[in-house]
Structure formats: structure tokens, C-alpha cells
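Number of protein chains: 2
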Amino acid sequence: MLLYNSQVSGNCYKVRLLFAHLGIAYEREELSVVDRSNRPAVLGGLNPALRVPTLVLDDGRVLAESNAIIHYFAQGTEYLPEDRFEQAKVLQWLFFEQYDHEPYIANVRFWVRFSTSPPPAQEIEARRAGGYRALDALERALTERDFLVGDRYTIADIALYAYTHVANEGDFGLDGYPAIGAWLARVARQRGYVPISA
Amino acid sequence: MLLYNSQVSGNCYKVRLLFAHLGIAYEREELSVVDRSNRPAVLGGLNPALRVPTLVLDDGRVLAESNAIIHYFAQGTEYLPEDRFEQAKVLQWLFFEQYDHEPYIANVRFWVRFSTSPPPAQEIEARRAGGYRALDALERALTERDFLVGDRYTIADIALYAYTHVANEGDFGLDGYPAIGAWLARVARQRGYVPISA
């Protein structure tokens, strides 16, 4: 398989982390998160959103959206619960991640750490407030349990871990979030875990 | 079941539309999309994002995120494909909807039509540009096929239909989108279809 990848992207990391857990082999083609001028040429026809990760399967079929990719490959493995309602709760967290978490935490991290033309500070701080709201919700959930769904590590944890564990790169402070801190350490102890740099 | 609902919300409409197709009975509790001051009291403890739709099942368990809810109830019905890869493509479109479509088209519609304190016009127009990018991607996909995944109507169509069919209420012009126009009419002809007002 071929993964159109950006190494620093938390969305791509979700896929790489699950593939590491599952021992799935694949090739990578690296795309820049800063200079996106070649996206239409490379990803046009593959992904309507022109984003990474985009995954080309061995038979040539193409799958996009990080959370759709990890959901596809987690099926039938220990990383997706067997119970139908728990599966729905996993999806609830995946949609929460893409709507309430990633647009705030990932965007602020990008502006602070990678962008060559970040928006005005006022706009960054407004976005940062949304990131803290998402962290508040995550902290509340993790105060009651070790992992987000059921009693074990699933793709819900992988999806939320991806940008939470690098939130410090967007100057988010996690000192006030002890349950998140313990959970981050718990995820990093899972068998087959690899860091975002891998 | 009890659906915490806002009648004008496209996200809530997705659930109501699927339930109408499936003949599923439920009760509703209406929440305002403008005055959200009672959200923590009503939805706190039920939904970390404090948003509608939030669905309380008959056994008291709670499910949130519109696309997670319709995915849960579509399983085993004609509204979710049986093929595993097609199921993944449905999820790809559901995540596209929540990341690239809804935040632009739904927010602009809200500001234009419902909000008592919309942002400056410049911000609305910047957001509108993102909405047209999503419509461009949708038009390209629907130029090649009648429905978004496979050859039949699925929850991918329901999810994208919800805010596309009321984009005009956000002053989006759909004249340049003939494939979307034909698809909107196709969706409205499906058995059991109900309008957003129902």
C-alpha cells in the first residue's frame, strides 16, 4: 500500500501508529504541510479534500480521511470493540476529534510551529480557547476511565492521542489536566507503540 | 428513545430523516440553536460537546454526534452498504462532511439566517469560500455517479444532503452545480423522505 504522508501530521500519525500496532507494511510518499502547491497534481482524483493521509490500497482503490482509514483497518482487531454500541461510541469520539478537537489544537500547533504565514495573534488565541474546551471535555471523560471507550485501548484513543500528545508544540499547557497526562503515558506503553517521528 | 433536537439543525435532521426512512419512533425535546445557555444543565453528563443531536436510547445509554448516530442505526439496513470497503467510503464522506462541509456551509447559514450576533461580513465571506470548496468537491463526485457511494442512496447522501439542501438559506448559489441539483431532487424522491420541517 502507498500512504501519502506528512511526517509531522497528527492525522497521518494515527494511520502509522495503528499500522505499527498491527504490523502492517506500507510505502510512503511525503508531502509538505507548508507548501501545498502540488496537492492538486498529486492528490486530485484520489481525495476530494486534497489532504493527507490518503491511502492507495494494493488493488488501487483509494481511501481518505484519517479516521475512516483507521476504522477500516481496526475492524476485526483488538483496536475496535466487538460490541455494537461501543463501536458507536468509538465513532462518537472520532467525530468529536475531527469537529471539536483537531480544528483547534492541530491548527494552533500548525500556526505556532510550522506555518510561514500565521494569522494575527488574536485569531490564534481565539482558536486556542476552543482547544482548551476540547481538552476540558477529554479530561472529564478520562477522569472516569482509563481509555475512552470500554476498558481497553481502541482507535478512539489513537485518534485523540495524535494531536493531544503534541499540543505542547502549539503552546498548550497540560499541567491542569492530570487525567490526560496519565492517559498519554498509558497510550505510550501499548504494545507496538511508535512515536510520531517514526 | 429521546432525541434532543433542534428543528432547524441539519445535524438533527440527518437523524430524523434516517428514522423516518426506517420507521423508528422516538420522542423529542427541543433545544434552541440561538440561546444555548441551558445546554450544560440539559446535556452535561450526556454529551461532552454539549450539542444536538444527542440521543438517549430506551435503556438509558446515550449516543452523540449526528454521523455516529446515523451510522449506528443504519447498520444492517439498506442505508449502509454491506461491502466493507464501501462502508469505509461512507465513513470517508461522513468525516468530509464534518470537517470540510458543515463548518462552512452550516455556520454561514446560521450566521445569515439565525444568529443574533453574527461576525463581521469579512469573516462570513471567508467562511463562505470554504463552503464553495466543499460544494466543488461534492459536484465533482456527483458528476460521476448518482449517489456518493456505490449505486444507491446511503447515509453518506443523508449526511451531505442535510446542509447542502438548505445552503440557499446561507445565500449560497447552487446554479453552477447541476450534478448537486439533480442529486438533491433524487434524495427527495426516496421512499420515506421527510423535509427538514417534519
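Note that the protein sequences, when read in sequence, are chains A and B.
In case it helps, this note's numbering puts the first sequence at residues 2 to 199.
In case it helps, this note's numbering puts the second sequence at residues 2 to 199.
Where a beta carbon is used, it is the ideal one built from N, C-alpha and C, also for glycine.
No experiment lies behind these values; they were computed from the predicted model shown.
Residue i versus residue j - alpha carbon distance
i: B/Ala168; j: A/Leu143; result: 37 Å
i: A/Leu44; j: A/Leu4; result: 11 Å
i: A/Tyr162; j: B/Leu19; result: 32 Å
i: B/Val123; j: B/Val109; result: The amino acid occupying residue 123 of chain B in the given sequence is Gln; Val does not appear at that position. C-alpha separation (whole angstroms): 12 Å.
i: A/Ile159; j: B/Glu30; result: 34 Å
i: B/Phe148; j: A/Arg187; result: 42 Å
i: B/Pro104; j: B/Arg114; result: 15 Å
i: A/Tyr194; j: B/Glu170; result: 47 Å
i: A/Asp172; j: A/Pro121; result: 16 Å
i: A/Ile106; j: A/Asp176; result: 16 Å
i: B/Trp112; j: A/Ile197; result: 38 Å
i: B/Leu64; j: A/Ala199; result: 35 Å
i: A/Val16; j: A/Met2; result: 12 Å
i: B/Ala189; j: B/Ala157; result: 14 Å
i: A/Val150; j: B/Pro179; result: 43 Å
i: A/Tyr14; j: A/Tyr164; result: 9 Å
i: B/Asp137; j: B/Val53; result: 28 Å
i: B/Ser10; j: A/His166; result: 33 Å
i: A/Ile125; j: A/Gly174; result: 15 Å
Where residue i falls: helix, strand or coil (DSSP)
i: A/Ala153; result: The amino acid at residue 153 of chain A is misidentified as Ala; the sequence shows Arg. Coil.
i: A/Thr165; result: helix
i: B/Glu31; result: strand
i: B/Tyr178; result: coil
i: B/Leu19; result: helix
i: B/Val188; result: helix
i: A/Asn48; result: coil
i: A/Tyr100; result: helix
i: B/Val63; result: strand
i: A/Asn39; result: coil
i: A/Tyr80; result: coil
i: B/Val57; result: strand
i: B/Tyr133; result: helix
i: A/Tyr5; result: strand
i: A/Thr144; result: helix
i: B/Tyr194; result: coil
i: A/Phe74; result: helix
i: B/Asp158; result: helix
i: A/Ala199; result: coil
i: B/Phe111; result: helix
i: A/Gly11; result: helix
i: A/Ile25; result: coil
i: B/Phe173; result: coil
Spatially closest choice to residue i from the options, by CA coordinates
i: A/Lys90; options: B/Pro120, B/Thr165 and B/Leu58; result: B/Leu58
i: A/Tyr27; options: A/Thr55, A/His102 and A/Asn39; result: A/Thr55
i: A/Pro49; options: B/Ser7, B/Tyr14, B/Arg52 and B/Gln93; result: B/Gln93
i: B/Asn68; options: B/Ser198, B/Thr155, B/Asn12 and B/His22; result: B/Asn12
i: A/His72; options: A/Gly61, A/Val53, A/Arg52 and A/Leu95; result: A/Leu95
i: A/Ile181; options: A/Arg192, A/Gln191, A/Ala157 and A/Arg141; result: A/Arg141
i: A/His22; options: A/Tyr154, A/Val34 and A/Arg52; result: A/Tyr154
i: B/Ile25; options: B/Ser33, B/Leu51 and B/Phe74; result: B/Phe74
Exposed unless 16 or more other CB atoms sit within 10 angstroms - verdict on residue i
i: A/Thr78; result: exposed
i: A/Leu139; result: buried
i: B/Thr117; result: exposed
i: A/Asp101; result: buried
i: B/Gly46; result: exposed
i: B/Gln99; result: buried
i: B/Ala135; result: buried
i: A/Glu66; result: buried
i: A/Arg70; result: What sits at residue 70 of chain A in the sequence shown is Ile, not Arg. A/Ile70 should be labelled buried.
i: B/Ala42; result: exposed
i: B/Ser7; result: buried
i: A/Gln88; result: buried
i: A/Ser38; result: exposed
i: A/Val35; result: exposed
i: A/Ala183; result: exposed
i: A/Arg146; result: exposed
i: A/Arg192; result: exposed
i: B/Ala127; result: exposed
Proximal residues of chain C, C-beta to C-beta of residue i below 7 Å
i: B/Tyr73; result: Annotation note: the requested chain C is absent from the structure, which comprises protein chains A and B.
Does the region 82-99 of chain B touch the region 126-146 of chain A, meaning 3 or more C-beta pairs lie closer than 8 Å?
The region 126-146 of chain A, when compared against the region 82-99 of chain B, does not touch it at the 8 Å Cβ threshold.
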